[in-house]
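Heads up, the thing below is written out as structure tokens.
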């Protein structure tokens with residue numbers, strides 16, 4: 005810890021690096037800000053359940069889908085240019101959201117924020133890599149990850165307090181101020197980077213991949229609106245599938261593909277790719293659905309909700325260093341799998357804790373879930389690039405980060421759709437005399453955590469039955485998330501293939517992979 009603080013003070017003294025570290029805090033604020041402010045925006049401006057859900061879904065859709073394109077843009081146009089442009093768009097969109105009076109406009113601006121966040125992350129990471137070499141670069145990226153984790157851990161509390169005290173508009177005004185400050189600092193101090201001439205870019209393949217990802221994620225997000233088997237939804241999935249197939253065919257037949265698909269045939273690397281998938285379902289989606297449950301279902305304030313959420317997020321600041329130490333005695337695959345099993349156990353307990361009145365049980369389940377997810381979280385970045393040949397480390401890092409960020413949007417969409425469908429199923433079992441449209445609308449509100457709006461649509465339904473449907477959906481969701489996490493843990497353990505600790509080799513691998521290209 006002392007060495008980390010020393011490294012932080014030394015590196016943060018560089019204003020160029022400090023601007024990138026501040027941006028790393030800003031990005032999780034933008035991620036959680038949509039969730040924390042959604043109930044307040046709904047009360048102020050109204051809007052349907054789907055429109056309010058888009059405040060988070062729209063951001064995640066564009067953030068995950070355009071991250072790879074933003075990385076290519078950073079190499080082609082210059083890292084500093086992309087970083088500064090991303091911050092400018094972020095500041096502009098945040099400013100417009102802070103004064104907007106239309107829920108559809110805010111949703112569109114949140115989608116724009118997602119694109120700008122992708123540009124900021126890709127440009128900032130690449131710009132940080134060019135500032136340092138060797139061990140200093142490894143420490144810089146360690147601090148970058150810690151800043152991101154700090155934003156996730158304490159961001160909801162800070163934004164919840166601002167929303168409670170000043171109103172939701174001040175949250176976005178603060179984001180605009182921070183991003184503007186970072187943009188100014190970065191403009192003054194980050195050195196201009198040259199355009200990369202490392203290799204030709206397959207723009208056609210990149211377009212196919214991005215379009216397929218957008219359509220697939222959007223299709224899942226629209227399941228609560230259109231239904232599982234609607235013609236528009238099936239058309240989106242079919243088009244996305246065709247685009248994915250075309251993308252893979254192109255990767256196999258061009259000289260410089262977006263991704264070298266042979267990497268996925270390596271069992272160790274394929275196992276590593278399962279780690280961000282698992283943490284999406286056992287950790288990241290909880291950052292979205294739990295605040296909505298606490299605020300909408302339990303009637304807690306934004307600040308109270310954030311205090312509970314800290315039990316889940318705080319382990320992310322502590323446990324990753326423990327997981328690194330554990331690899332001295334255990335192989336990383338076993339450490340990661342054990343962490344996922346702990347997280348799965350926490351999810352099962354969490355499902356029961358949300359129905360009980362025991363705060364101790366709730367806090368224990370949140371800490372257990374967060375600590376379990378933090379074990380692989382602290383290892384998987386390095387494992388992704390240490391499990392492939394050195395010459396493919398950069399592409400492996402790009403594929404890993406794409407799976408991680410795009411997977412978060414897909415996981416959130418799937419979880420939201422599951423909650424809506426489970427509530428609709430539960431309501432249909434217990435209700436008669438209501439139209440399907442009214443039941444579906446009530447289920448959508450329950451899926452987004454708003455029990456009051458759901459009750460208003462079903463005036464003849466007792467509060468007890470409504471709450472039973474609501475709680476049942478969450479219990480089954482956490483069971484499903486636990487099953488997914490256990491399956492990923494088993495596959496990681498079987499596919500990892502590490503017979504000895506390899507973490508000692510990770511810093512050099514990280515350094516090589518993040519070297520400016």
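Numbering (our numbering), first residue to last: 5 to 521. Glycine included, each C-beta is placed from N, C-alpha and C at the ideal position. Here the structure is a predicted model, which means the values were calculated and not measured.
Practice item. Closer than 6 Å by C-beta to residue 132: which residues in its own chain qualify, once you throw out the five before and the five after it? Chain order, please. Key: Hits under 6 Å: 24 and 144.
- Query: Going by alpha carbons, who is nearest to residue 205 out of 298, 153, 81 and 312?
  - Reply: 81
Exercise. Note down, one range per segment and in chain order, each alpha helix (DSSP H) of at least 4 residues found wholly within the region 392-458.
Key: 397-434 and 440-451
Quiz item: According to the neighbour-count rule (16 or more other Cβ atoms, all chains shown, within 10 Å of its Cβ), is residue 433 buried or exposed?
Solution: When all chains shown are included, residue 433 counts as exposed.
Please work out which residues of its chain come closer than 7 Å, Cβ to Cβ, to residue 224, disregarding the five sequence neighbours upstream and downstream, and give them in chain order. 414, 417, 418 and 421
Margin query: Among the candidates 211, 157 and 92, whose CA atom is the shortest distance from the CA of residue 191?
Written below: Residue nearest to residue 191 within the set 211, 157 and 92 is 92 (criterion: CA-CA distance).
Query raised in the report: Assuming residue 423 and residue 477 make a contact with CB atoms under 8 Å, what is their CB distance in whole Å?
Result: 5 Å
*CA-CA distance, residue 155 and residue 300?*
23 Å
### Message
Please state the DSSP three-state secondary structure of residue 236.
### Response
helix
Taking the C-alpha atoms as reference points, what is the distance between residue 274 and residue 499? Taking the straight line from one Cα to the other gives about 7 Å.
Checklist line | Chain-order list of residues whose beta-carbon lies under 7 Å from that of residue 263 (same chain, five-residue window excluded) | finding: 255, 399 and 403
Exercise. Please confirm whether residue 448 and residue 228 have their CB atoms less than 8 Å apart.
Key: yes
- Query: Leaving out the 5 sequence neighbours to the left and right, which residues in its chain are closer than 6 Å to residue 196 when beta-carbon positions are compared?
  - Reply: 84
Only counting runs of 4 or more residues, tell me where the alpha helix (DSSP H) segments fall wholly within the region 45-96, in order along the chain.
Qualifying alpha helix (DSSP H) stretches, in chain order: 53-81.
Could you tell me the alpha carbon to alpha carbon distance between residue 292 and residue 36, rounded to whole angstroms? 7 Å
Q) Where does residue 139 land, buried or exposed, given buried means 16+ other C-beta within 10 angstroms? A) Taking all protein chains in view, the Cβ of residue 139 is surrounded by fewer than 16 other Cβ atoms within 10 Å, so the residue is classified as exposed.
Task: 6 Å CB neighbourhood of residue 5 in its chain, flanking five on each side removed - done: Because the pLDDT at residue 5 is just 49, under 50, the model does not fix this residue reliably, and the point stays unresolved.
*residue 219 and residue 240 look like a contact to me (Cβ under 8 Å); what is the Cβ gap, rounded to whole Å?*
5 Å
- Message: Let me confirm a value: residue 3 is counted as buried when at least 16 other C-beta atoms fall within 10 Å, else exposed. Which label applies?
- Response: Since the displayed the chain opens at 5 and closes at 521, residue 3 lies outside it and no answer follows.
Compute the distance between the beta-carbons of residue 110 and residue 119, then report whether it is under 8 Å.
no
### Query
Helix or strand or just coil, what does DSSP make of residue 348?
helix
Report yes if the C-beta distance between residue 314 and residue 161 is below 8 Å; otherwise report no.
Contact flag set, yes.
Tell me which same chain residues have a C-beta within less than 7 Å of the C-beta of residue 226, skipping the five on either side of it?
-> 237
- Message: Measuring only the C-alpha atoms, how far is residue 89 from residue 125?
- Response: 11 Å
* To the nearest angstrom, report how far apart residue 455 and residue 46 are at their CA atoms. => Taken atom to atom, the span from the alpha-carbon of residue 455 to that of residue 46 is near 13 Å.
Report task. Output the distance between the C-alpha atoms of residue 343 and residue 216, rounded to the nearest integer angstrom. Result -> 32 Å
Please state whether DSSP places residue 136 in a helix, a strand or coil. coil
If you check the beta carbons only, do residue 350 and residue 373 fall under 8 Å apart? yes
Worksheet entry | Backbone CA spacing between residue 468 and residue 75 [nearest angstrom] | Roughly 50 Å separates the two Cα atoms.
Under the three-state DSSP convention, the category residue 20 falls into: helix
Quick check: the Cα distance between residue 464 and residue 458, rounded to an integer number of angstroms? 11 Å
What did DSSP end up calling residue 503 once you bin it into helix, strand or coil?
Residue placement at residue 503 cannot be trusted, given a pLDDT of 42 that sits under 50; what the coordinates show is reported in the next sentence. Of the three classes helix, strand and coil, the one that applies to residue 503 here is coil, per DSSP.
Note the first and the last residue of the continuous alpha helix (DSSP H) segment covering residue 187.
172-193
>> Which same chain residues end up closer than 7 Å to residue 136 when comparing Cβ atoms and leaving out the 5 residues on each side of it in sequence?
In response: 144
### Query
Where do the N-terminal and C-terminal ends of the alpha helix (DSSP H) with residue 374 fall, by residue?
363-381
**Prompt:** Of the residues 33, 287 and 379, which one's Cα is nearest the Cα of residue 117?
**Reply:** With distances taken between Cα atoms, residue 117 lies closest to 33.
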